[in-house]
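So the sequences go chain by chain: C and R.
Sequential numbering from 1 applies to the first sequence in our numbering.
Sequential numbering from 157 applies to the second sequence in our numbering.
Okay, structure first, notes after.
There are 2 protein chains.
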Amino acid sequence: MATDELGRVRGFREGFRWEGLDRLPYKEEGAAPFRTISRQTLFADPNLDCELRYFEIEADGFSTLERHEHMHAVMILRGNGHCLVGREVREVGPYDLVTIPAWTWHQFRATRDEPLGFLCMVNAKRDKAQLPSEQELQSLQSDPRIAAFLNGLRER
Amino acid sequence: MATDELGRVRGFREGFRWEGLDRLPYKEEGAAPFRTISRQTLFADPNLDCELRYFEIEADGFSTLERHEHMHAVMILRGNGHCLVGREVREVGPYDLVTIPAWTWHQFRATRDEPLGFLCMVNAKRDKAQLPSEQELQSLQSDPRIAAFLNGLRER
């Protein structure tokens, strides 16, 4: 939808929703492994070279483990969780910034008690995500910290 | 600075600052009218077609009244205030979204009691801002609501 149709100020609503914006499925069901995420596209316009999206992972949910050529520029907005970026597992909380460089495996996981919501800026023109092969997954899991992260065992 | 030099997770610090990021002046002093704003560039990378910046206007401060070809995609992060977009004056608060279309006059103003902080996404390649001529300013001020906004008289 073009900006003019949307108006210029879009109010924030309880529960991290925005006036006139649909809460969309993260991905098509069955397209890739993930659990309980929604997506809202906050800004997308032919005159903007990037899009800004808001993703929310429900308590105990996770995003797809994937990689692609395009970068992600992420700011956490609510909740706490962990992210895998390359071979690094990090705890993240409100307003932390996460850079996902090109071709870097990444996944976000919410804690057990609350949703993890974050902004993600991406180029409007971008490639599709790749899933890990069995061999790549084994290589990641050979690191005990990464294996614990992927199995949902969080370090608190 | 390239992403690799910065690390992949940048922690949030008290007072809306981020690990390893400089709080920069909004603009060169004297280049244009404004009052008490700082700027932090959260994401800027050769592989990203946009930049994400955080601006903070101190209590009672304001950004420059200006327009340009490039769009702004804004999310308020802290505080409350008002913005002018075109000929529309709107109250804004946390997580509200503001779209500034091409060639649209705009200004942000903080309330008297607290800072107004917001994210602003822009194309990496963009034009410079224009200031209003005396005639354009008079045209804006011919609307009493806009005149009150520009004179710092807020509707509460």
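Cβ atoms here follow ideal geometry from the backbone N, Cα and C, with glycine treated the same way.
Residue i - partner residues in DSSP beta bridges
i       : result
Y210(R) : Q196(R) and L275(R)
L167(C) : With chain C covering only 1 through 156, there is no way to say anything about residue 167(C).
F108(C) : C83(C)
R67(C)  : Q130(C)
R173(R) : R169(R)
T88(C)  : With the sequence shown as reference, residue 88(C) is identified as Glu, and Thr is not the correct amino acid for it. In the DSSP output, where bridge partners are listed per residue, E88(C) has V85(C).
Distance between residue j and residue i (C-alpha atoms, nearest Å)
i       : j       : result
C276(R) : E207(R) : 8 Å
P271(R) : Q130(C) : 42 Å
M71(C)  : E292(R) : 41 Å
C239(R) : P250(R) : 13 Å
G176(R) : F168(R) : 10 Å
F199(R) : V230(R) : 14 Å
E58(C)  : F211(R) : 30 Å
E159(C) : I146(C) : Shown here, chain C extends from 1 to 156; a query on residue 159(C) therefore has no answer.
K128(C) : E69(C)  : 8 Å
V92(C)  : F305(R) : 39 Å
E290(R) : E170(R) : 41 Å
V89(C)  : S139(C) : 15 Å
F165(C) : P189(R) : Residue 165(C) is absent from the model: chain C starts at 1 and stops at 156.
P257(R) : F118(C) : 25 Å
D216(R) : P144(C) : 52 Å
K27(C)  : K183(R) : 41 Å
As assigned by DSSP and simplified to three states, the class of residue i
i       : result
P33(C)  : coil
L140(C) : helix
L24(C)  : strand
A124(C) : coil
A304(R) : helix
Interface residues of chain B facing residue i [CB-CB closer than 7 Å]
i       : result
L208(R) : Looking for chain B here will not work: the only protein chains present are C and R.
For residue j and residue i, believed in contact at Cβ under 8 Å, the rounded distance
i       : j       : result
R110(R) : G237(R) : Only positions 157 to 312 of chain R appear in the structure, and residue 110(R) is not among them; the question remains open.
A280(R) : L204(R) : 7 Å
R39(C)  : L24(C)  : 5 Å
R53(C)  : T41(C)  : 5 Å
G86(C)  : T104(C) : 5 Å
R210(C) : V254(R) : Outside the displayed range of chain C (1 to 156) lies residue 210(C), so it cannot be described from this structure.
Subject >> Residues of the region 255 to 266 of chain R with Cβ closer than 7 Å to any Cβ of chain C, in chain order >> reply: Residues of the region 255 to 266 of chain R with a Cβ closer than 7 Å to any Cβ of chain C, in chain order: T255, P257 and A258.
**OP:** Please list the residues of the region 35 to 48 of chain C that have a C-beta atom closer than 7 Å to any C-beta atom in chain R, keeping them in chain order.
**Re:** Hits within the stretch, in order: L42, F43, D45, N47 and L48.
Original post:
Using a beta-carbon distance cut-off of less than 8 Å, what residues from the region 80 to 94 of chain C approach chain R?
Top reply: Cβ contacts with chain R come from C83, V85, G86, E88, R90, V92, G93 and P94.
Original post:
At a Cβ cut of 9 Å, what residues of the region 281 to 299 of chain R count as close to chain C, listed as they run along the chain?
Top reply: Taking 9 Å as the Cβ-Cβ cut-off against chain C, the residues of the region 281 to 299 of chain R that qualify are K281.
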